[in-house]
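Participant:
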Amino acid sequence: MFSSPPTLTLNQIWHKFKTALLAAARSHFSRKTISLMKPKTIPHELQPYVYLSHSLDYFTMSLKKLSSITRLTVLWSQFFNNFEPIFNKLFPNHSGLLNGLSHPSQLLTVFDSSNLSYNEFLIQF
């Protein structure tokens, strides 16, 4: 997540990804109204993508409630360890996209080397 500028935040990267995903889905399923907020209208083929979308949305919303790097590390580890294999299965040719994200085992080291306060680090996360 955190690396040398001008790095996009996780939220910005995910927003771009969701926009591209929705555009592709709407193009392929042109006769259906597709919204990530209405799961019943989403074609079965897109359900795994919606799951990824919702899990990342939930994770990014939960960041506001975290008050320590320890808590962030635990939550990021839980999320990333579930997210990574699903992402790699759905996007086998795009696993490099995850390279911009801090591995959970390295998050504390990245934080320490950033010389940022926790709140500043969280904003850039």
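Quick note: the sequence shown uses the working numbering, first residue -3, plus one each step.
Each residue gets a CB set at the ideal place from its N, CA and C atoms; glycine is no exception.
The model shown is predicted, which means the values in this text are computed figures rather than measured ones.
1. Classify Tyr45 as buried or exposed, calling it buried when 16 or more other Cβ atoms lie within 10 Å of its own Cβ.
2. Return helix, strand or coil for Ser73, following the three-state DSSP convention.
3. Quick check: what's the CA-CA separation for His90 versus Asn84?
4. By the 10 Å Cβ neighbour count, where 16 or more other Cβ atoms means buried, how is Ser23 classified, buried or exposed?
5. Just the Cα atoms here: how many angstroms apart are Leu42 and Leu86?
6. Please classify Ser98 as buried or exposed, where buried requires at least 16 other C-beta atoms within 10 Å of its C-beta.
7. Is it the case that the Cβ atoms of Gly96 and Ile9 are separated by a distance below 9 Å?
8. Using a Cβ-Cβ cut-off of 6 Å (strictly less than) and excluding sequence neighbours within five positions of Phe55, which residues of its own chain qualify?
9. Relative to the C-alpha of Ser101, which residue among Asn111, His11, Thr66 is closest?
10. Label Ser63 either buried or exposed according to how many other C-beta atoms from any shown protein chain fall within 10 Å of its C-beta, with 16 as the threshold for buried.
11. With distances taken between CB atoms, is the gap from Asn78 to Ser51 smaller than 9 Å?
Facilitator: Considering the structure as presented:
1. Counted from its first residue, the sequence shown places residue 45 at position 49. Buried: at least 16 other Cβ atoms inside 10 Å.
2. Looking up residue 73 in the sequence shown gives position 77. Three-state DSSP puts Ser73 in a helix.
3. Along the sequence shown, one-based indexing puts residue 90 at 94. Along the sequence shown, one-based indexing puts residue 84 at 88. Cα-Cα distance, rounded: 7 Å.
4. Walking along the sequence shown from the start, residue 23 turns up at place 27. Ser23 comes out exposed.
5. For this step, residue 42 is matched to residue 46 along the sequence shown. For this step, residue 86 is matched to residue 90 along the sequence shown. Straight-line Cα distance between these residues: approximately 10 Å.
6. Mapped onto the sequence shown, residue 98 falls at position 102. Buried is the call here.
7. For the purposes of this step, residue 96 is identified with residue 100 of the sequence shown, where counting begins at 1. For the purposes of this step, residue 9 is identified with residue 13 of the sequence shown, where counting begins at 1. For Gly96 and Ile9, yes; Cβs fall inside 9 Å.
8. Position 59 of the sequence shown, counting from 1, holds the residue named residue 55. Counting only Cβ-Cβ distances below 6 Å, and skipping sequence neighbours, we find Phe75.
9. For the purposes of this step, residue 101 is identified with residue 105 of the sequence shown, where counting begins at 1. Measuring from the Cα of Ser101, the nearest candidate turns out to be Thr66.
10. Here residue 63 is taken as the residue at index 67 of the sequence shown, counted from 1. Exposed, since its Cβ has fewer than 16 Cβ neighbours within 10 Å.
11. Working through the sequence shown from its first residue, we reach residue 78 at position 82. Working through the sequence shown from its first residue, we reach residue 51 at position 55. Yes, Cβ-Cβ distance for Asn78 and Ser51 is below 9 Å.
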